[in-house]
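Start counting at 1 in the sequence shown, then tack on 353, and there's your number in the numbering used here.
Note that beta-carbon positions come from the ideal geometry of N, C-alpha and C, so glycine has one too.
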Amino acid sequence: MRALPRWTAITSLILIGLALVWSVPAAQQFQANEQVRQARISKSTHAKHRDLDLYEDINARVSKGESYYTAALAEQRKWNYPTQPFVVVRLPTLAWGHALFGATGWRIIAIALFIANLLVWTRRFRSPRHPLLSLIVIGGLLTLGGGLAFYPRVGVVHDYMSGLFVSLSLVLYTPQRWWPSLCLAVCAMAIREMASLYVLAWVALAAARMRWRECGALLAALALFALGMAVHAHFVDAAVKPGDLVSPGWEGMNGLGFLLFSLAHLFPHALPLWCVAWLGLAALIGWIGRGERIGLMGSLWLGGFGLAVAIFARADNYYWVAIMLPAYWVGLAFAPRALIDLWQAARLPGWSANRFMRQ
Numbered sequence: 354m355r356a357l358p359r360w361t362a363i364t365s366l367i368l369i370g371l372a373l374v375w376s377v378p379a380a381q382q383f384q385a386n387e388q389v390r391q392a393r394i395s396k397s398t399h400a401k402h403r404d405l406d407l408y409e410d411i412n413a414r415v416s417k418g419e420s421y422y423t424a425a426l427a428e429q430r431k432w433n434y435p436t437q438p439f440v441v442v443r444l445p446t447l448a449w450g451h452a453l454f455g456a457t458g459w460r461i462i463a464i465a466l467f468i469a470n471l472l473v474w475t476r477r478f479r480s481p482r483h484p485l486l487s488l489i490v491i492g493g494l495l496t497l498g499g500g501l502a503f504y505p506r507v508g509v510v511h512d513y514m515s516g517l518f519v520s521l522s523l524v525l526y527t528p529q530r531w532w533p534s535l536c537l538a539v540c541a542m543a544i545r546e547m548a549s550l551y552v553l554a555w556v557a558l559a560a561a562r563m564r565w566r567e568c569g570a571l572l573a574a575l576a577l578f579a580l581g582m583a584v585h586a587h588f589v590d591a592a593v594k595p596g597d598l599v600s601p602g603w604e605g606m607n608g609l610g611f612l613l614f615s616l617a618h619l620f621p622h623a624l625p626l627w628c629v630a631w632l633g634l635a636a637l638i639g640w641i642g643r644g645e646r647i648g649l650m651g652s653l654w655l656g657g658f659g660l661a662v663a664i665f666a667r668a669d670n671y672y673w674v675a676i677m678l679p680a681y682w683v684g685l686a687f688a689p690r691a692l693i694d695l696w697q698a699a700r701l702p703g704w705s706a707n708r709f710m711r712q
């Protein structure tokens, strides 16, 4: 526990105000760019064949007994997708699962994971004084980010399927019983390699708190993941042919405006862009202000991954943010308390912002 310095609180409030003002034109610029990009795509030869169509075609071939890597690279080559470097080829987990239990099976798993998230999150943040209100608020915010679980093609949305596991891992953690969270994190990495950033954030937090046994288990999981990625790279490289397209790389440097636009792009309701941009900022502020282990971990993961999107994502990588769902929007439930604490700290010198800084 320590007091939040008054001028730090004042500076934070000023920065938040500036971010709110700046976020709207920034997100609108990316919206305009996206409209131009979509118009250009609509005129291309394969305008009607998008990423999800590609993954469904790959799944269909794998279900017929074809090798995943042969099918994946053949389809990516057919539809002018790059095949190099190896990370542009998705991990085979969803395709192998589709071969075993079909698209319906993945949809059932997604819905089950969403319901599990709903139950655990609402129980974790149930207010003794206002149980029904807390249920409605947390449940509603989870639904904002979790409704995609009911999408018929959810079994080919790698980022979101991985995000369901990550969100459940985040809320299920307890210091005495952390291994279920680790198992869920491993599942997330097996679907989408970017979930490894969540585990890296967890390693940093565990090391800072000198939880060495937990830290060792996390490092072992990352080592297993690295081995799996090496095997994946081997099979992709073996299937690459001369003349295959190479990815232009990930040096988007699009900034926070692109992150907010991406969140708005996946937002399930037709709210004005400026409103969703403000909600996106408020949710991140809420996570930073939450405190406790879940607030620190949520801030590291969601803030860190949001920064990665702002720096590395290209304009067509907006779907990356799906891995932050459904947990991201829960931050809106914490935002009012965080902003009140900041306001009080700014008004009263030496005021102890316990809720804002608790650990």
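The three-state secondary structure of V599, taken from DSSP, is strand.
R482 is not bridged by DSSP to any residue. Going by C-alpha positions, P625 is about 12 Å away from L613. Residue D669 holds the alpha-carbon nearest to the alpha-carbon of Y434 among S487, H622, R477 and D669. Cβ contact annotation for A557 (same chain, cutoff 8 Å, sequence separation greater than five): L653, in chain order. Going by beta carbons, L447 and H511 fall inside the 8 Å limit.
Counted as a single uninterrupted DSSP element, the alpha helix (DSSP H) harbouring L609 occupies residues L609 to H618.
Under the DSSP assignment, S520 falls in the alpha helix (DSSP H) whose first and last residues are H511 to L525. For Q529, the three-state secondary structure derived from DSSP is coil. Counting C-beta atoms within 10 angstroms of its own C-beta, L497 has 16 or more neighbours from the protein chains shown and is therefore classed as buried. If you check the CB distance, F665 and W603 come in under 8 Å. In the DSSP assignment, R430 falls within the unbroken alpha helix (DSSP H) covering Y421 to K431. Taking the CA atoms as reference points, E567 sits about 27 Å from H585.
Q437 is bridged by DSSP to V599. DSSP places S549 in the uninterrupted alpha helix (DSSP H) bounded by S549 to A561. In this chain, the alpha helix (DSSP H) harbouring I664 covers G657 to F665. At a Cβ-Cβ threshold of 8 Å, S520 and N470 count as neighbours.
Straight-line spacing of the CA atoms in R545 and R443 works out to 7 Å.
In the three-state reduction of the DSSP assignment, G418 falls in the coil class, being assigned neither a helical nor a strand state. The C-alpha of Y681 lies about 11 Å from the C-alpha of I638. Per the C-alpha coordinates, the member of P484, L488, M650 and A543 positioned closest to A576 is A543. By the 16-neighbour rule on beta-carbons within 10 angstroms, M563 is exposed. Distances from the alpha-carbon of M514 to those of L523, A502 and A379 put A502 closest. Shortest Cα-Cα distance from Y504 to any of T475, G610, I464 and A372 involves I464. Of the residues S522, V415 and D404, the one whose Cα lies closest to the Cα of L678 is S522. Distances from the alpha-carbon of P445 to those of T457, I461, E409 and A617 put E409 closest. The beta carbon of L634 sits closer than 8 Å to those of I369, A372, L373, S376 and L613, all from its chain and outside the five residues before and after it, given in chain order. Cβ neighbours of A380 within its own chain (closer than 7 Å, five residues either side excluded): G610, L613, F614, A617, L626 and A630. In this structure, the straight-line span from the alpha carbon of R477 to that of A591 is close to 47 Å. In this structure A362 touches A699 by the C-beta definition: roughly 4 Å separates them, less than 8 Å.
Rounded to whole angstroms, the gap between the alpha carbons of R414 and L405 is 14 Å.
Contact annotation: M650 and A573 have beta-carbon atoms that are not nearer than 8 Å.
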